[in-house]
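Protein chains: 2
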Amino acid sequence: MNGYSVFCVSDHTGVTVESVAKSVMAQFPRLECSLITLPFVDSVDKVRQAVGRILDTPRPLVFSSLTDPQLRAVLRDAGIQTFDIFDLVAPAVGAALGQIATPSGGHTHGMAPDYETRIDAVNFALNLDDGLNPERLDQADLILVGVSRVGKTPTALYLALQYGMRAANYPLTPDDLEQGDLPALLTAHLPRLRGLTLSAERLAALRQARYPDSRYASLDQCRLELGAAERFFRRHGLPVIDTTRMSVEEIAAHLRHS
Amino acid sequence: MNGYSVFCVSDHTGVTVESVAKSVMAQFPRLECSLITLPFVDSVDKVRQAVGRILDTPRPLVFSSLTDPQLRAVLRDAGIQTFDIFDLVAPAVGAALGQIATPSGGHTHGMAPDYETRIDAVNFALNLDDGLNPERLDQADLILVGVSRVGKTPTALYLALQYGMRAANYPLTPDDLEQGDLPALLTAHLPRLRGLTLSAERLAALRQARYPDSRYASLDQCRLELGAAERFFRRHGLPVIDTTRMSVEEIAAHLRHS
Numbered sequence: 000m001n002g003y004s005v006f007c008v009s010d011h012t013g014v015t016v017e018s019v020a021k022s023v024m025a026q027f028p029r030l031e032c033s034l035i036t037l038p039f040v041d042s043v044d045k046v047r048q049a050v051g052r053i054l055d056t057p058r059p060l061v062f063s064s065l066t067d068p069q070l071r072a073v074l075r076d077a078g079i080q081t082f083d084i085f086d087l088v089a090p091a092v093g094a095a096l097g098q099i100a101t102p103s104g105g106h107t108h109g110m111a112p113d114y115e116t117r118i119d120a121v122n123f124a125l126n127l128d129d130g131l132n133p134e135r136l137d138q139a140d141l142i143l144v145g146v147s148r149v150g151k152t153p154t155a156l157y158l159a160l161q162y163g164m165r166a167a168n169y170p171l172t173p174d175d176l177e178q179g180d181l182p183a184l185l186t187a188h189l190p191r192l193r194g195l196t197l198s199a200e201r202l203a204a205l206r207q208a209r210y211p212d213s214r215y216a217s218l219d220q221c222r223l224e225l226g227a228a229e230r231f232f233r234r235h236g237l238p239v240i241d242t243t244r245m246s247v248e249e250i251a252a253h254l255r256h257s
Numbered sequence: 000m001n002g003y004s005v006f007c008v009s010d011h012t013g014v015t016v017e018s019v020a021k022s023v024m025a026q027f028p029r030l031e032c033s034l035i036t037l038p039f040v041d042s043v044d045k046v047r048q049a050v051g052r053i054l055d056t057p058r059p060l061v062f063s064s065l066t067d068p069q070l071r072a073v074l075r076d077a078g079i080q081t082f083d084i085f086d087l088v089a090p091a092v093g094a095a096l097g098q099i100a101t102p103s104g105g106h107t108h109g110m111a112p113d114y115e116t117r118i119d120a121v122n123f124a125l126n127l128d129d130g131l132n133p134e135r136l137d138q139a140d141l142i143l144v145g146v147s148r149v150g151k152t153p154t155a156l157y158l159a160l161q162y163g164m165r166a167a168n169y170p171l172t173p174d175d176l177e178q179g180d181l182p183a184l185l186t187a188h189l190p191r192l193r194g195l196t197l198s199a200e201r202l203a204a205l206r207q208a209r210y211p212d213s214r215y216a217s218l219d220q221c222r223l224e225l226g227a228a229e230r231f232f233r234r235h236g237l238p239v240i241d242t243t244r245m246s247v248e249e250i251a252a253h254l255r256h257s
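Note that the protein sequences, when read in sequence, are chains H and D. Numbering of the first sequence is given in the numbering used here, commencing with residue 0 and proceeding in unit increments. Numbering of the second sequence is given in the numbering used here, commencing with residue 0 and proceeding in unit increments.
Written out as structure tokens, the structure is:
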């Protein structure tokens, strides 16, 4: 293997530094990379262990988000070149603010939804998954509507976990589609309805993985269901997201701002 | 309001730049900040709209992750100081690699679990939630064990959505706890069991929110259940995570590396 080992060293979960490393490495598309995250590296001893591991690895590339400048110094003193988020970004922000960054600022910022909000939102998404408990739809921030396997459940769960949003989801069954319009219990909440759709080919592939060679997974059936659902969406002017080429993050980001 | 408006301008979901902005702003703990994310800003027109909004806002602070240098230039030409991840981090990485970053590298990096893997993992977590389908436990990457309301379900879903990991979860009911040991269907999978626990006070508060003034939510009952569960964990040498002061990200990061 002659690729790079991209280390993400963090004194916390590593989510931020991983995300930066992935974005930046995507700008070097011809490099082969594997990602190794070292989270909770929050003491001199743990940094030394990380250093040992990095020095034992051929072609390492080290990203870090170590709040404590002393810990960053341990990496530097070992001769390891590090791309540290705080070294690279915080000084510029401090200069603009006319303030010096406080390494002890820690990870508790008031800008993330808190644990309870997110857990409540997860419970809400589970309780209102797949058309359950429609009498509670009025409590939803968003109601995701679409045919089976269009990605409603994972999207609702991601909105809950990432943003603390309460998203219900409602499946349009072949029965619903034959009724010729969205069920009345949905149209009562029009401003919060969001349609999800995708290409018939992609839907057939997703269904095929679950129920091979079924009518449910046939391209014809997928086309029929998607066509009817999209007509309903258009009739009511719903914001619609085509998830064919999207990741869960992308779908959620679109919905959050829709 | 004399706080700062922290804008996160992204040509994609904004997840990365938000995460950096939050980490960096946490180092300025005395500043009041509100976060405004502008995702999918991927054309000159959309950058101009963003510029308009930023210029209309008092005390803006602008973080960005705009892959295209031309789009970054539009912000700069409007006289807006921007902390851009690619400007600040990519050049240092490029210098170390002896390569120039390709703005068109895009967002598809091979290092993230793909859509199908994550969706399958979500379905797995839902199918094996709360002790369901125990005959499939051998397919799990991890099996989360703990008393009711300890955070098993959100953690399993987060592991699925973020990392594509297949996590089952199994609740230790008062009945299980009275048996004097972990159920045999769990001990058959010891290497993949992970115990979750938290403080009795915190558990009582979480249960109280759900079933006020119940025996289930009483501090005594919580102490009893947690004590028994922790004895089981110790007896079998399970890795145990105390989630009392942890976010879902932190719990998941610990589990991923446990």
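Don't be surprised by glycine CBs; every beta carbon is placed ideally from N, CA and C.
In terms of Cβ geometry, R255/H and Y169/H do not form a close pair [threshold 8 Å]. With contacts defined as CB atoms closer than 8 Å, P38/H and T12/H qualify as a contacting pair. By the C-beta density criterion, V144/D is buried, having at least 16 other C-beta atoms within 10 angstroms.
The beta carbons of L218/D and A203/D sit closer together than 8 Å. Beta-bridge partners assigned by DSSP to A167/D: I142/D. Note that the region 170–188 of chain D touches the region 222–239 of chain D; at least 3 beta-carbon pairs, one per stretch, sit closer than 8 Å. Collapsing the DSSP output to three states places L185/D in a helix. For a Cβ distance threshold of 7 Å, residue set T12 of chain D lies close to E249/H, ordered along the chain.
When the beta-carbon positions are compared, A91/H and A100/H stay at least 8 Å from each other. For Q80/H against A95/D, the beta-carbon gap comes to about 6 Å, under 8 Å, which counts as contact.
At a cut-off of 8 Å between beta-carbon atoms, P102/D makes contact with chain H.
When DSSP reads this structure, S246/D sits in no beta bridge, so it has no partner. DSSP, reduced to helix, strand and coil, places V50/H within a helical segment of the structure shown. Residue state for S18/H is assigned as helix, using DSSP reduced to three classes.
With respect to the 8 Å criterion, R191/D and P238/D are not classified as neighbours on the basis of their beta carbons. Annotation for N126/H: N132 place their beta carbon closer than 6 Å to its own, counting only its chain and skipping 5 residues before and after. Residues of the region 139–151 of chain D whose Cβ lies closer than 8 Å to any Cβ of chain H, in chain order: G150.
Around the C-beta of L70/H, 16 or more other C-beta atoms lie within 10 Å, and the residue is accordingly described as buried.
Excluding sequence positions up to five before and after H188/H, its CB lies within less than 8 Å of the CB of L136, D137, A139 and I142, all in the same chain and listed in chain order.
Bounds of the beta strand (DSSP E) holding P59/H are P59 to S64.
Residue D129/D holds the alpha-carbon nearest to the alpha-carbon of L156/D among G2/D, D129/D, E17/D and L185/D. 8 Å or more divides the Cβ of L60/H from the Cβ of V149/H. In the DSSP annotation of this structure, the continuous segment of the beta strand (DSSP E) that includes L37/H starts and ends at C32 to L37. Straight-line spacing of the CA atoms in P68/H and V8/H works out to 14 Å. With respect to the C-alpha of A199/D, the residue from D241/D, G93/D and Y210/D having the closest C-alpha is D241/D. Per the DSSP secondary-structure output, L195/D pairs in a beta bridge with I240/D. For D83/H, the uninterrupted beta strand (DSSP E) segment begins and ends at T81 to D83.
Under DSSP, the beta-bridge partners assigned to C7/D are T36/D and F62/D. Shown here for D212/D: not one same chain residue has a beta carbon closer than 8 Å to its own, the five before and five after excluded. Contact check for V46/H and L74/H: beta-carbon distance about 6 Å, within the 8 Å limit, so the pair qualifies. The three-state secondary structure of N122/H, taken from DSSP, is helix. Taken through DSSP and simplified to helix, strand or coil, D86/H comes out as helix. By the rule that beta-carbons nearer than 8 Å mark a contact, A155/D does not touch chain H. Excluding five sequence positions before and after A167/H, the CB atoms of its chain that fall closer than 6 Å to its own CB belong to L127, L136, A139 and I142, given in chain order.
Taking C-alpha positions only, E248/H is separated from F232/D by approximately 35 Å. Think of a sphere of 8 Å around the beta carbon of A91/H: the chain D residues whose beta carbon falls inside it are F82 and L87, in chain order.
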